[in-house]
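Peer 1: What follows is a single structure, and I will ask about it in a moment.
Residue numbers (the working numbering), protein chains in the order written: chain A, 10 to 433; chain B, 1139 to 1916.
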């Protein structure tokens, strides 16, 4: 009987980013026995996937896996989670890093019981970025139902009046506007960057009219519109007049596979639009759905069968072609589009109630490079240097990927981090 | 453990405003148990109060009546104590308001015309919490008799080699077993390969050669070639592996379970355990039973399954239009072998193949799918092979006819780079025919990007055959498990040894065995190398967990494991058959042998056992059964119009959090429902349902995860088995003269919390229409 109780913890691992990839890396490493520090810049873990209604192709809610992951965190004293925290600077070498982490004040301390009395009295409102600004929320808010940690946040923009009211309403002395930003220095042996992605800014794709016309939305906005905890309580309606759309078109590769924007394929947008067609179909049995694409990338058995099921739907139309211009029909808010059907060579003119831009993913680090010895490709994805070791990118910080591949990758990066610690 | 009890009740977050706390306190009081209240129990003062009791040795078993166990997990955490969280907040006072259920006046409290349904719910929950603390104990970790930290890698291709290197670099001993005479697999038989790193533009030399060389630097990696695994017996931490020479037949070859038709007699009646065993021995003549351990077996802690793929055979009528059978119509695999040997020459006459057509999709225009098992790999292979043609012949021409060019992610760069070569012509199109014309082939395609039909003269036509996972042909893993040698339910995944989970891609129904590479999805070399790292991590993690005596995913860290009271076992085999993870092996008589490190602690065995002899330290038939019995069923002796009483057994993974959301959103539902969270619906033993009804409860509802091919159940089969059991309970109800409608099964996803109030209240209303349970008051 050989029981080796001494977990092989010869150092600790920092994971930057608490989305699905970061959670995976953190948990997989901690469950081997390593100390893990998970750093998240938002007030709650969960990242991009927490904004999704369903995952393709199973059409299951991401919160299901997040809940299990949160339970794993709760049961594992080896993981420490810090939210509203950002890495400012990394110095040192593999096995011996000094990390400077900036903590933004939450103005709510650990006394918070989520009773919600603060939100009741607070009158200030802020744009709800969780819903891409499609609605507003109280400046005293819980990020969402499944937030982790389960704790309120006070927006810095809250009025002095409301600050006083919130403080007064809290029976547990949890509201504290004296909190100051602070920096904490950590020593860790390895760092995994799981900083994820941002939806490509659709306003940059000038010919597709996002921001000019109200009824042009992005694919991520569709997720929020379809989600029960979204701005419309799950009803997919067009922004201009809350009308139920009867014709919806999707523009695939909106920004992706385009030298002027993102030269690469964003991996998920074809499957995401197919999934969005299922959301629409569930609510509108007769709505006509047009998908304009270059190539439909639904590779692999599971994705292929998802796609072929959708092809059975007589009101889903696939058009190989790129949407070239859009315009708004005066008076109706409808969107007029012009596309070229690349098979027939003909110009297609179509008027739809709503247009969805299947925008791609841009690595978060592309616009926000940390002070750390990382190598980037021209698009801002981190190039992993396994020979050097020490720091690695996981998930979409490394490359465009779907959730399942990100989780595979994130699991593997946990091992790469461990190897760095073992090697010392 | 000499238990010292205390009940702590928090009066914050509306609990004290809604409930009569003094009355709640009388419940422990009546049992001689101390009760303390605090207005802010999760605050530092409240926690210090509890901690002091613990430190003073006054309390080691406590009920905390406050918020959901999902909240404040790190606050109510007292070492060495049994803790039961009673959900008075999300479960009682948040969903049920005093506006809707007004508090009773002192006079009304003594009047049988009135009843306080919220207070009754809270009182029941306190009682249920108290009995649970009494019935459970703290777990002790399970320790295996022997233990190995070695990792076995099945398959010596690119994935297996990468996994071995990754595990070795983390300090683990590894054995690679490869049935061929040399390492490398398909990755070694190529001319060159697709790029694996930025800028993802050019073909690169075969990476596998470098990796094989690297293996030599690791003395902790052992390589066995021309060797196969005859069987893997035992459990994680102590897998007993029998190796054999490739193709050999030996007594320790894995036996197969009897096919279903052999488990019954001529009349279709199920044979008893001993008769089945006799047939099984006959069926597996010459092979040792799974419980006879090979004395020469080698011990391993975990297994990585990286046995890879084989090229698909393109045959049959569906492909007749593609000229299958013509000597110069070949598959991409055959093409690669030709290319690896030297210049590309066509098979029929050895002529230089300067015009080559690559066909990606066989479906004419009726179907735009690629060949089966393609994924995105074959699109990329076609690009690579087109480049070979161009590299070999300056005047060479390659045509790729596709329906969708699949180069996802950064592989798009490779596609773009190939587009720069004007000798590589690519178009969407539907190939309608391939015919021989003299010494040439003619490929016809329609609906192309040229706007007209294409007619290409070619020396060679290459069909993009897919990568068939070897698990389609053979179980490969050869587990000496009673449930059989392979991964279960591979059919759902088209024969791949894949996981059903998006969030947990390495989780399968066989603990300690982690698949990687093309055996679970068609993958490029790049993807396979990456996948291998993940599988290696999971193997290491499984070893560490088994060593600590704790469960792996999804109940990671759980120290409990099933305990059997064998004296009462009737050898019915239900537990062995129903365990989603094949953790149990029964012997010749049908007595189960537990393999605790295979176990994922879902409790499906506990739910299955008709004799109720299986339990966990903190979760048992008795602990839940006693909670059910602690629920007070009001009768006409108590109230003029006694409220109905309904038991809800709820999956703690999805449905219970959803119920918390109901509470957080202050949505009301019938307060007459009593909720008990369970590890998985699979762990629900029908005795709880029968007991609930026998004590006069009006109905029982089970709420768990969605099942079917896209199951969301974290234990694969739990909710599905529960539904089957519920359907079978009808006879038992009939014997009690109760209606089937009194037992309900519902599936719910975690985000469907808004449906729960309707489901619960609707069920109560239906029961009210049905009338009270006639056993009430007996």
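Just so you know, even glycine gets a beta-carbon here, dropped at the ideal spot from N, CA and C.
May I ask you to verify whether the stretch 415 to 433 of chain A touches the stretch 28 to 41 of chain A, counting CB pairs closer than 8 Å and requiring at least 3?
Peer 2: yes
Peer 1: Residue 1679 (chain B) versus chain A: which residues are under 8 Å apart at the beta carbon?
Peer 2: Working through the second chain from its first residue, we reach residue 1679 (chain B) at position 541. Simply 37, 40, 41.
Peer 1: Is the Cβ of residue 159 (chain A) closer than 8 Å to any Cβ of chain B?
Peer 2: Start at 1 with the first residue of the first chain, and residue 159 (chain A) comes out as number 150. Taking Cβ atoms only, chain B reaches closer than 8 Å to residue 159 (chain A), which makes this a yes.
Peer 1: Would you verify that the beta carbon of residue 1883 (chain B) is, or is not, closer than 8 Å to some beta carbon of chain A?
Peer 2: Within the second chain, residue 1883 (chain B) is the residue found at index 745, counting from 1. False, the Cβ-Cβ gap to chain A never drops below 8 Å.
Peer 1: Please confirm whether residue 1545 (chain B) has its beta-carbon closer than 8 Å to some beta-carbon of chain A.
Peer 2: By one-based count along the second chain, residue 1545 (chain B) stands at place 407. True, the Cβ-Cβ gap to chain A drops below 8 Å.
Peer 1: Since I believe residue 1289 (chain B) is in contact with residue 1442 (chain B) (beta carbons under 8 Å), could you give me their beta-carbon distance rounded to a whole number of angstroms?
Peer 2: As a position in the second chain, residue 1442 (chain B) is number 304, starting the count at 1. As a position in the second chain, residue 1289 (chain B) is number 151, starting the count at 1. Indeed they touch by this definition, with Cβ atoms about 6 Å apart.
Peer 1: Hey, quick one: how far does the alpha helix (DSSP H) through residue 319 (chain A) stretch, first residue to last?
Peer 2: Taking the first residue of the first chain as 1, we reach residue 319 (chain A) at position 310. That run of the alpha helix (DSSP H) goes 310 to 320.
Peer 1: In terms of residues, what are the limits of the alpha helix (DSSP H) holding residue 1831 (chain B)?
Peer 2: Within the second chain, residue 1831 (chain B) is the residue found at index 693, counting from 1. From DSSP, the alpha helix (DSSP H) with residue 1831 (chain B) extends over 1824 to 1832.
Peer 1: Less than 6 Å between C-beta atoms, sequence neighbours within five positions excluded: which residues of the same chain meet that for residue 92 (chain A)?
Peer 2: Here residue 92 (chain A) corresponds to residue number 83 of the first chain, with the count starting at 1. The answer, listed in chain order, is 49, 52.
Peer 1: Would you say residue 298 (chain A) reaches chain B, if we count a Cβ-Cβ gap shorter than 8 Å as a contact?
Peer 2: Taking the first chain and counting its residues from 1, one reaches residue 298 (chain A) at position 289. Taking Cβ atoms only, chain B never reaches closer than 8 Å to residue 298 (chain A), which makes this a no.
Peer 1: Just the C-alpha distance for residue 1467 (chain B) and residue 1457 (chain B), rounded to the nearest angstrom, thanks.
Peer 2: Here residue 1467 (chain B) refers to the residue found at position 329 when the second chain is read from its first residue. Here residue 1457 (chain B) refers to the residue found at position 319 when the second chain is read from its first residue. About 11 Å.
Peer 1: Starting from residue 101 (chain A), follow its DSSP beta bridges and name the residues at the other end.
Peer 2: As a first step, residue 101 (chain A) is located in the first chain; it is residue number 92 there, counting from the start. Beta-bridge pairing links residue 101 (chain A) to A:106.
Peer 1: Closest to residue 304 (chain A) by CA distance: which of B:1550, B:1221, B:1789, B:1435 is it?
Peer 2: For the purposes of this step, residue 304 (chain A) is identified with residue 295 of the first chain, where counting begins at 1. Cα-wise, what sits closest to residue 304 (chain A) is B:1550.
Peer 1: According to DSSP, simplified to helix, strand and coil, what is residue 1437 (chain B)?
Peer 2: Start at 1 with the first residue of the second chain, and residue 1437 (chain B) comes out as number 299. In this structure, residue 1437 (chain B) counts as strand in the three-state DSSP scheme.
Peer 1: For residue 1478 (chain B), which residues of its own chain have a beta-carbon under 7 Å away from its beta-carbon, when the five flanking residues on both sides are left out?
Peer 2: As a first step, residue 1478 (chain B) must be located in the second chain, where it is residue number 340. Closer than 7 Å at the Cβ level, and outside the excluded window around residue 1478 (chain B), lie 1327, 1328, 1329.
Peer 1: Less than 8 Å between CB atoms is the rule here; does residue 348 (chain A) satisfy it with respect to chain B?
Peer 2: The residue labelled residue 348 (chain A) in the question sits at position 339 within the first chain. By the rule that beta-carbons nearer than 8 Å mark a contact, residue 348 (chain A) does not touch chain B.
Peer 1: Can you pull the chain B residues whose beta carbon is under 7 Å from the beta carbon of residue 70 (chain A), in chain order?
Peer 2: Taking the first residue of the first chain as 1, we reach residue 70 (chain A) at position 61. Listed by position along chain B, the residues whose Cβ is nearer than 7 Å to that of residue 70 (chain A) are 1887, 1888, 1889.
Peer 1: Taking the straight line between their C-alpha atoms, what separation do you get for residue 1822 (chain B) and residue 61 (chain A)?
Peer 2: Position 684 of the second chain, counted from the first residue, corresponds to residue 1822 (chain B). Position 52 of the first chain, counted from the first residue, corresponds to residue 61 (chain A). Residue 1822 (chain B) and residue 61 (chain A): Cα-Cα distance of roughly 32 Å.
Peer 1: Mapping DSSP to helix, strand and coil, what is residue 227 (chain A)?
Peer 2: Translated into positions along the first chain, residue 227 (chain A) becomes position 218. Of the three classes helix, strand and coil, the one that applies to residue 227 (chain A) here is strand, per DSSP.
Peer 1: Whose C-beta lies closer than 7 Å to the C-beta of residue 57 (chain A) among residues of the same chain, with five residues either side of it excluded?
Peer 2: Locating residue 57 (chain A) in the first chain gives position 48, where the first residue counts as 1. These residues qualify, in order along the chain: 28, 205, 206.
Peer 1: For my contact list, residue 1546 (chain B) and residue 308 (chain A) are in at a C-beta cut-off of 8 Å; report their separation, rounded to the angstrom.
Peer 2: Residue 1546 (chain B) sits at position 408 when you count from the first residue of the second chain. Residue 308 (chain A) sits at position 299 when you count from the first residue of the first chain. Between residue 308 (chain A) and residue 1546 (chain B) the Cβ distance is about 7 Å, and since that is below 8 Å, they are a contact.
Peer 1: Cβ atoms of residue 1567 (chain B) and residue 1543 (chain B): under 8 Å apart, would you say?
Peer 2: Stepping through the second chain from its first residue, residue 1543 (chain B) is reached at position 405. Stepping through the second chain from its first residue, residue 1567 (chain B) is reached at position 429. For residue 1543 (chain B) and residue 1567 (chain B), no; Cβs fall outside 8 Å.
Peer 1: Where do the N-terminal and C-terminal ends of the beta strand (DSSP E) with residue 292 (chain A) fall, by residue?
Peer 2: Here residue 292 (chain A) refers to the residue found at position 283 of the first chain. Premise fails: residue 292 (chain A) lies in the alpha helix (DSSP H), 278 to 292, not in any beta strand (DSSP E).
Peer 1: Using the beta-carbon count (16 or more within 10 Å), is residue 1429 (chain B) buried or exposed?
Peer 2: The residue given as residue 1429 (chain B) occupies position 291 in the second chain. The residue is exposed, with fewer than 16 neighbouring Cβ atoms inside 10 Å.
Peer 1: Report the neighbours of residue 76 (chain A) on chain B: residues whose CB is nearer than 8 Å to its CB, in chain order.
Peer 2: Numbered from its first residue, the first chain carries residue 76 (chain A) at position 67. Under the 8 Å cutoff, chain B gives 1791, 1792, 1795, 1888.
Peer 1: Kindly say whether residue 103 (chain A), judged by its beta-carbon, lies nearer than 8 Å to any beta-carbon of chain B.
Peer 2: As a working mapping, residue 103 (chain A) is identified with position 94 in the first chain. It does not: the Cβ of residue 103 (chain A) has no partner Cβ on chain B nearer than 8 Å.
Peer 1: Which partner residues of residue 1449 (chain B) appear in the DSSP bridge assignment?
Peer 2: By one-based count along the second chain, residue 1449 (chain B) stands at place 311. Its beta-bridge partners are B:1605.
Peer 1: Buried or exposed, going by whether 16 or more other CB atoms sit within 10 Å of the CB of residue 284 (chain A)?
Peer 2: For the purposes of this step, residue 284 (chain A) is taken as residue 275 along the first chain, with counting starting at 1. Residue 284 (chain A) should be labelled buried.
Peer 1: Distance, Cα to Cα, residue 1642 (chain B) vs residue 1347 (chain B)?
Peer 2: Position 504 of the second chain, counted from the start, is the residue given in the question as residue 1642 (chain B). Position 209 of the second chain, counted from the start, is the residue given in the question as residue 1347 (chain B). Cα to Cα, the separation comes out at about 31 Å.
Peer 1: Out of A:401, A:375, A:358, A:180, which one is the CA nearest neighbour of residue 301 (chain A)?
Peer 2: As a working mapping, residue 301 (chain A) is identified with position 292 in the first chain. Checked all of A:401, A:375, A:358, A:180; the closest Cα to residue 301 (chain A) is A:358.
Peer 1: Got a sec: is the Cβ-Cβ distance from residue 20 (chain A) to anything in chain B below 8 Å?
Peer 2: As a first step, residue 20 (chain A) must be located in the first chain, where it is residue number 11. Taking Cβ atoms only, chain B never reaches closer than 8 Å to residue 20 (chain A), which makes this a no.
Peer 1: Sort B:1875, B:1884, B:1659 by Cα distance to residue 1910 (chain B) and report the nearest one.
Peer 2: Here residue 1910 (chain B) refers to the residue found at position 772 when the second chain is read from its first residue. Of the candidates B:1875, B:1884, B:1659, the one whose C-alpha sits nearest the C-alpha of residue 1910 (chain B) is B:1875.
Peer 1: State the start and end residues of the unbroken alpha helix (DSSP H) segment that holds residue 1415 (chain B).
Peer 2: Taking the second chain and counting its residues from 1, one reaches residue 1415 (chain B) at position 277. Start and end: 1411 to 1421.
Peer 1: Would residue 1366 (chain B) and residue 1390 (chain B) qualify as a contact pair, given that the criterion is a beta-carbon distance under 8 Å?
Peer 2: As a first step, residue 1366 (chain B) is located in the second chain; it is residue number 228 there, counting from the start. As a first step, residue 1390 (chain B) is located in the second chain; it is residue number 252 there, counting from the start. No, they are not a contact pair.
Peer 1: Three-state secondary structure (DSSP) at residue 1329 (chain B)?
Peer 2: Position 191 of the second chain, counted from the first residue, corresponds to residue 1329 (chain B). DSSP places residue 1329 (chain B) in coil when its eight states are reduced to three.
Peer 1: If we call anything under 8 Å between Cβ atoms a contact, is residue 1579 (chain B) one with residue 1470 (chain B)?
Peer 2: By one-based count along the second chain, residue 1579 (chain B) stands at place 441. By one-based count along the second chain, residue 1470 (chain B) stands at place 332. No.
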